[in-house]
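Chains as they are written, first to last, in the working numbering: chain Y, 1 to 171; chain L, 172 to 693; chain R, 694 to 737.
Backbone N, C-alpha and C fix where the C-beta goes; we use that ideal spot for every residue, glycine too.
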Amino acid sequence: DLGAVGDSIGGAANSGGMHDHLYNLQMLEAAFSKRPSSHDSERAKSYTPRHPTVTPSSYPQAQAPIVNNPAFWERLGLDTLGTDTLFFAFYHQPNTYQQYLAAKELKKQSWRYHRKYNTWFQRHEEPKIATDEFEKGTYVYFDFHVSNEDPNQGWCQRIKADFTFEYGFLE
Amino acid sequence: MEPDASNFQKQVSPLFAEWYQICEVSSGFDNACMRFVLQLHQSGLLRGDDITDRFFRVLLEISVSHFGEVVQQSPKQPPHLIQTSFLAIDSYAKLVYSILKHCPVDQGTSKLFLLPKILVVTVRSIQKDADEKKEEFNPRPYYRLFINWLLDFGSLDPVHDGINFQVLSAFANAFHALQPLKVPAFSFAWLELVSHRTFMPKLLAGNSQKGWPLLHRLLVDLFQFMEPFLRNAEMGELIRFLYKGTLRVLLVLLHDFPEFLCDYHFSFCDVIPPSCIQMRNIILSAFPRNMRLPDPSTPNLKIDLLEEMSQAPRILSDVDAVLKAKQMKADVDEYLRTRQQSSPFLSELKQRFLLPPSEVTHAGTCYNVPLINSLVLYVGIQAVQLLQARNRSQSQPVSSDPLAIKAALDIFQTLMRDLDTEGRYLFLNAIANQLRYPNTQTHYFSVVLLYLFTDAHQEIAQEQITRVLLERLIVNRPHPWGLLITFIELIKNPGYNFWNRSFTRCAPEIEKLFESVSRSCG
Amino acid sequence: LGIDLTTLGLNLNSSENLHKTFASPWSEEPAKGEPEFTIPECYH
Numbered sequence: 001d002l003g004a005v006g007d008s009i010g011g012a013a014n015s016g017g018m019h020d021h022l023y024n025l026q027m028l029e030a031a032f033s034k035r036p037s038s039h040d041s042e043r044a045k046s047y048t049p050r051h052p053t054v055t056p057s058s059y060p061q062a063q064a065p066i067v068n069n070p071a072f073w074e075r076l077g078l079d080t081l082g083t084d085t086l087f088f089a090f091y092h093q094p095n096t097y098q099q100y101l102a103a104k105e106l107k108k109q110s111w112r113y114h115r116k117y118n119t120w121f122q123r124h125e126e127p128k129i130a131t132d133e134f135e136k137g138t139y140v141y142f143d144f145h146v147s148n149e150d151p152n153q154g155w156c157q158r159i160k161a162d163f164t165f166e167y168g169f170l171e
Numbered sequence: 172m173e174p175d176a177s178n179f180q181k182q183v184s185p186l187f188a189e190w191y192q193i194c195e196v197s198s199g200f201d202n203a204c205m206r207f208v209l210q211l212h213q214s215g216l217l218r219g220d221d222i223t224d225r226f227f228r229v230l231l232e233i234s235v236s237h238f239g240e241v242v243q244q245s246p247k248q249p250p251h252l253i254q255t256s257f258l259a260i261d262s263y264a265k266l267v268y269s270i271l272k273h274c275p276v277d278q279g280t281s282k283l284f285l286l287p288k289i290l291v292v293t294v295r296s297i298q299k300d301a302d303e304k305k306e307e308f309n310p311r312p313y314y315r316l317f318i319n320w321l322l323d324f325g326s327l328d329p330v331h332d333g334i335n336f337q338v339l340s341a342f343a344n345a346f347h348a349l350q351p352l353k354v355p356a357f358s359f360a361w362l363e364l365v366s367h368r369t370f371m372p373k374l375l376a377g378n379s380q381k382g383w384p385l386l387h388r389l390l391v392d393l394f395q396f397m398e399p400f401l402r403n404a405e406m407g408e409l410i411r412f413l414y415k416g417t418l419r420v421l422l423v424l425l426h427d428f429p430e431f432l433c434d435y436h437f438s439f440c441d442v443i444p445p446s447c448i449q450m451r452n453i454i455l456s457a458f459p460r461n462m463r464l465p466d467p468s469t470p471n472l473k474i475d476l477l478e479e480m481s482q483a484p485r486i487l488s489d490v491d492a493v494l495k496a497k498q499m500k501a502d503v504d505e506y507l508r509t510r511q512q513s514s515p516f517l518s519e520l521k522q523r524f525l526l527p528p529s530e531v532t533h534a535g536t537c538y539n540v541p542l543i544n545s546l547v548l549y550v551g552i553q554a555v556q557l558l559q560a561r562n563r564s565q566s567q568p569v570s571s572d573p574l575a576i577k578a579a580l581d582i583f584q585t586l587m588r589d590l591d592t593e594g595r596y597l598f599l600n601a602i603a604n605q606l607r608y609p610n611t612q613t614h615y616f617s618v619v620l621l622y623l624f625t626d627a628h629q630e631i632a633q634e635q636i637t638r639v640l641l642e643r644l645i646v647n648r649p650h651p652w653g654l655l656i657t658f659i660e661l662i663k664n665p666g667y668n669f670w671n672r673s674f675t676r677c678a679p680e681i682e683k684l685f686e687s688v689s690r691s692c693g
Numbered sequence: 694l695g696i697d698l699t700t701l702g703l704n705l706n707s708s709e710n711l712h713k714t715f716a717s718p719w720s721e722e723p724a725k726g727e728p729e730f731t732i733p734e735c736y737h
């Protein structure tokens, strides 16, 4: 079947399940008007919120195309205020190109994702111990700070001393 | 689950509706999805038996009918409505992907054991739908289904190369079963899927070229479908559209995967009609990316001294399959070995090339073109191998050409003499199809063609040799390197006395044509 | 005489692979190029 083409041109046309020339042309004509459009292979591109809420029509109703532009995320990485935005996109826009770009930028900023704690760590100083399996030292990590009395609960960065980062958990 | 059709459908529909809800939930999709797949597994729907087939077939029918209803309501679909019409199909595609990802399998069974079964169900549904609806058949929901799967499965962890190739070959087999000769109404969607950037490049790159035979078969499927339409140079608008689409696919292959076209040139030339000169030239112009071709118009280019000329090309097509099928291989081998003049082998050659009258109309010629192609290249390969063996042994003086080298020339000279104009044209085409990038076959057949020009007893034969070369040069580019160096040699080397042949001046425009082509060849 | 193949919308002199942006056999426009990305499981 994968060998030579067959012992005469159009040989396959004689084998089972084939149609004659005229029928093929008719079907081709019919198919022409129903050939796939470029939209047929586009996934639902715009980020469809799972629970769309009605917002005033003056609000942007669709994502700005710039969020698909890697350069936009690189700019955020350079601006410390932007780092929180990277974390927001990472944790709040799962499974999207934005999450992917945010993660790429965080890694570029020397953050490392810990698979077990689902948390980004960044070395606060050179690790005290470093072997092939792990490193140990003081790290900054990005956390969600939950406390009722504390007014500024929310995402924050904390210091964690004597933390062992096992490379087996490094994504 | 009730096995009878109507009840079965009534039981499957709510399951699909439940799945659709799960796809709509926000967080926790993964857990809900896994629970749902487990539920299907426990209810015995995913055993891979007849019930499983019916389950997937009913889901597909529901999805396609949903598409039909939406399209019926608004035939002119604005883009955002296109997504709506595909909601059920997208949901079904996602369910299949989720099942293959999460369905528990017995120890040692491939995670994807259901994929070939689901694809068989899909192929049968498409064939049935197309046969029943004929011109009313709509390929778009099925196209969307395959695109979803190609994108989803394409994102599988590339580490599991084996899984990737398993997926690719399952889809390649499905597309082969849906080839245009079998489902002509699916042709445009089919070529778009086969050449899709999530499929064709993956078949060719990686997997140590295991995917090459699969794409080769799909391209042969396409050429076999187009061949009857392409036999005559003038094409209708529709065929022209399909033809240009095919050219685009071939150009992507020529640019990105030239070695693939190089290695399968022989079987592609079998199914591209002789009138499709430019399409064939695209394939014959392919050369390995690591090769640098010397400019054919370089003055005093010594092609014999090119190192590549002593390297045999890789040919993955099955060159002697047709010779064997026609019980000719043994006779050819016998003649090459003995060069027995008394044997009727040579005198019977022409007859053996003729097709039975019943096949002439269908084939569009009285000759078995693949058989001619197979004999020419097979004999050439044998002759080159012997020439190389002799050159290696050096000890033998040139005059003691092994029998077979002379026997090969006997065969070619006999065909030049005995065949009629049409037969000789097809025979010369078979030779010209080997004039490609620098390799032993290009070298050998270039010499053979020029030798036959000198050796021809009638000028008509020389004119035909010239025509076969010229018609491949006057079409738009690309032009195979071996073709150019052969034609340049013919017009430049005084030994062929080319310009004194009357046919070079048989009409003013012909004279101009020769001059312009020889100018463009430098 | 065939056609001028440079008019089919493919940049045949491109040093990049054409298949990455090959939209369709029927279109002269390159694909917009869906961003190619994969998200590790643990990011979910």
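Here DSSP, grouped into helix, strand and coil, assigns Trp155 (chain Y) to strand.
With fewer than 16 other Cβ atoms inside 10 Å of its own Cβ, Gln243 (chain L) counts as exposed.
Non-local C-beta neighbours of Pro70 (chain Y) in its own chain, meaning closer than 8 angstroms and more than five positions away in sequence, comprise Leu101, Lys104, ordered along the chain. Against chain Y, a Cβ distance below 7 angstroms from His712 (chain R) picks out nothing, because the smallest value is about 15 angstroms. Interface annotation, Lys34 (chain Y): in contact with chain L, CB-CB separation under 7 angstroms. Within the model, the alpha-carbon separation for Arg368 (chain L) versus Asn309 (chain L) is close to 23 angstroms. Under the Cβ distance rule, Pro718 (chain R) counts among the residues neighbouring chain L, one pair being separated by less than 7 angstroms. For Asn118 (chain Y), no chain L residue has a Cβ inside 8 angstroms of its Cβ, as the nearest lies near 14 angstroms away.
Within the same chain, and ignoring the five residues on either side of Arg228 (chain L) in sequence, the residues whose Cβ sits closer than 7 angstroms to its Cβ are Val292, Ser296. Legend: CB atoms of the stretch 422 to 456 of chain L lying less than 7 angstroms from CB atoms of chain R belong to residues Leu422, Val423, His426, Asp427, Ile448, Gln449. Beta-bridge analysis with DSSP links Phe121 (chain Y) to Y:Arg112, Y:Tyr141.
Distance between Leu701 (chain R) and Glu721 (chain R), taken at the CA atoms: about 6 angstroms. Scanning chain L for C-beta atoms nearer than 8 angstroms to the C-beta of Ala30 (chain Y) yields Lys305, Glu306, Glu307, Phe308, Ala356, reported in chain order. DSSP, read as helix, strand or coil, puts Phe431 (chain L) in helix. Going by C-alpha positions, Tyr139 (chain Y) is about 55 angstroms away from Phe458 (chain L).
Here DSSP, grouped into helix, strand and coil, assigns Ile732 (chain R) to coil.
Residue-level contact check: Val338 (chain L) does not touch chain R, since none of the beta carbons of chain R fall below 7 angstroms from its beta carbon. Glu530 (chain L) sits in a helix when the DSSP states are folded into three classes. One Cα belongs to Leu546 (chain L), the other to Tyr435 (chain L), and the distance between them is close to 17 angstroms. For Ile631 (chain L), the enclosing alpha helix (DSSP H) begins and ends at 630 to 644. Here Leu606 (chain L) is buried, its C-beta having at least 16 other C-beta atoms within 10 Å.
Ala161 (chain Y) carries a strand assignment under DSSP once its states are collapsed to helix, strand and coil. With the rule of 3 Cβ pairs closer than 8 angstroms, the stretch 512 to 532 of chain L does not count as touching the stretch 470 to 484 of chain L.
Taking C-alpha positions only, Met587 (chain L) is separated from Ala627 (chain L) by approximately 8 angstroms. Just so you know, the alpha carbons of Val618 (chain L) and Trp719 (chain R) end up roughly 41 angstroms apart.
Here DSSP, grouped into helix, strand and coil, assigns Leu352 (chain L) to coil. The Cβ-Cβ distance between Thr255 (chain L) and Val241 (chain L) falls below 7 angstroms. In the three-state reduction of the DSSP assignment, Lys683 (chain L) falls in the helix class. At least one CB atom of chain Y sits nearer than 7 angstroms to the CB of Glu363 (chain L). The C-beta of Thr731 (chain R) comes closer than 7 angstroms to at least one C-beta of chain L. In the structure shown, Tyr59 (chain Y) adopts coil according to DSSP, grouped into three states. Minimum Cα-Cα distance from Leu418 (chain L) among the listed residues L:Ser269, L:Ile453, L:Pro287, L:Ile543 corresponds to L:Ile453. Using a Cβ-Cβ distance cut-off of 8 angstroms, the stretch 268 to 281 of chain L and the stretch 208 to 215 of chain L are in contact, since at least three pairs of beta carbons, one from each stretch, lie closer than that value. If you check the CB distance, Leu599 (chain L) and Val639 (chain L) come in under 7 angstroms. Glu166 (chain Y) has a beta carbon lying at 7 angstroms or more from every beta carbon in chain R. When the beta-carbon positions are compared, Tyr608 (chain L) and Trp652 (chain L) come within less than 7 angstroms of each other.
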